[in-house]
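*Asks:*
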Ligand SMILES: [Zn+2]
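In this note's numbering, the protein residues as written are 67 to 226.
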């Protein structure tokens with residue numbers, strides 16, 4: 067069986083926070099605000115993977131009002147979710163992602179992000195792609211006050 071999963075997340079950008087994307091800290095004037103470390107791309111990926119497996123979503127697994135997840139490392143959250151999904155027999159075929167923000171530019175960090183995610187998910191870098199986009203001045207992402215991420219994954223399961 068193969069199944070697709072879709073995930074989306076958005077975080078406000080504020081001064082004094084790190085800008086994290088897929089576990090990579092990118093130098094920037096502002097970073098994501100949030101309860102955890104607020105890695106917007108990893109949160110979208112967790113939702114895509116959990117959705118494809120049909121076992122929940124990021125907010126159910128890691129509630130934003132749970133003190134356990136205050137400043138939580140999103141790489142660790144992804145690890146917990148991915149272990150649960152793999153225990154159900156799922157493998158990742160590929161993962162494709164879009165990060166939308168005005169600043170910073172994602173392209174110079176694209177390979178680092180792909181490698182970070184490939185390591186976290188235990189797959190080859192070729193199975194993961196990441197694109198950076200701007201929002202052409204539209205909405206909060208275009209105004210530079212938010213960053214949005216979309217993730218689409220394909221999982222396969224030979225047990226079903
Ligand atoms: Zn989030």
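Yeah, the Cβ is synthetic: ideal placement off N, Cα and C, and Gly gets one too.
Please read these numbers as outputs of a predicted model, since none were measured by experiment.
Determine the DSSP secondary structure at residue 136, reduced to helix, strand or coil.
*Replies:* Locating residue 136 in the chain shown gives position 70, where the first residue counts as 1. In this structure, residue 136 counts as coil in the three-state DSSP scheme.
*Asks:* Between residue 109 and ligand 1, is the CB less than 7 Å from at least one heavy atom?
*Replies:* Within the chain shown, the letter at position 43 stands for residue 109. Flag set: Cβ of residue 109 near ligand 1.
*Asks:* For residue 29, which of helix, strand or coil comes out of DSSP?
*Replies:* What is shown of the chain runs 67 to 226, which leaves residue 29 out entirely.
*Asks:* For residue 103, which residues from the same chain have a beta carbon less than 8 Å from its beta carbon, with the 5 sequence-adjacent residues on both sides left out?
*Replies:* Position 37 of the chain shown, counted from the start, is the residue given in the question as residue 103. Hits under 8 Å: 84, 86, 137, 138, 139 and 140.
*Asks:* Kindly identify the DSSP beta-bridge partner or partners of residue 77.
*Replies:* Locating residue 77 in the chain shown gives position 11, where the first residue counts as 1. Per DSSP, 213.
*Asks:* Rounded to the nearest angstrom, what separates residue 151 and residue 75 at their Cα positions?
*Replies:* Translated into the one-based positions of the chain shown, residue 151 becomes position 85. Translated into the one-based positions of the chain shown, residue 75 becomes position 9. Rounded to whole angstroms, residue 151 to residue 75 spans 20 Å at the Cα level.
*Asks:* Take residue 168 as the anchor and find which of 207, 93 and 174 has the nearest alpha-carbon.
*Replies:* Your numbering for residue 168 matches position 102 in the chain shown. With distances taken between Cα atoms, residue 168 lies closest to 207.
*Asks:* At the level of alpha carbons, what is the spacing between residue 147 and residue 161?
*Replies:* Numbered from its first residue, the chain shown carries residue 147 at position 81. Numbered from its first residue, the chain shown carries residue 161 at position 95. Computed Cα separation, rounded: 15 Å.
*Asks:* Less than 7 Å separating the Cβ of residue 106 from some heavy atom of ligand 1?
*Replies:* Locating residue 106 in the chain shown gives position 40, counting from the first residue. Because some heavy atom of ligand 1 lies under 7 Å away, the Cβ of residue 106 counts as near it: yes.
*Asks:* Buried or exposed for residue 143, please, with buried defined as at least 16 other CB atoms from any protein chain shown within 10 angstroms of its CB.
*Replies:* Position 77 of the chain shown, counted from the start, is the residue given in the question as residue 143. It is buried - the Cβ of residue 143 has at least 16 other Cβ atoms within 10 Å.
*Asks:* Note the first and the last residue of the continuous alpha helix (DSSP H) segment covering residue 166.
*Replies:* Locating residue 166 in the chain shown gives position 100, counting from the first residue. Residue 166 -> not in any alpha helix (DSSP H); beta strand (DSSP E) instead, spanning 156-166.
*Asks:* Between which residues of its own chain and residue 212 is the CB-CB distance below 7 Å, once the five residues before and five after are set aside?
*Replies:* Mapped onto the chain shown, residue 212 falls at position 146. For residue 212, where only same-chain residues beyond five positions count, the Cβ hits under 7 Å are 76, 77, 78, 79 and 206.
*Asks:* Can you tell me whether DSSP reads residue 106 as helix, strand or coil?
*Replies:* Translated into positions along the chain shown, residue 106 becomes position 40. Residue state, collapsed to three classes: helix.
*Asks:* Cβ of residue 170 within 8 Å of Cβ of residue 99?
*Replies:* Along the chain shown, one-based indexing puts residue 170 at 104. Along the chain shown, one-based indexing puts residue 99 at 33. Cβ atoms of residue 170 and residue 99: not closer than 8 Å.
*Asks:* If you run the structure through DSSP and keep just helix, strand and coil, what is residue 92?
*Replies:* Counted from its first residue, the chain shown places residue 92 at position 26. DSSP places residue 92 in strand when its eight states are reduced to three.
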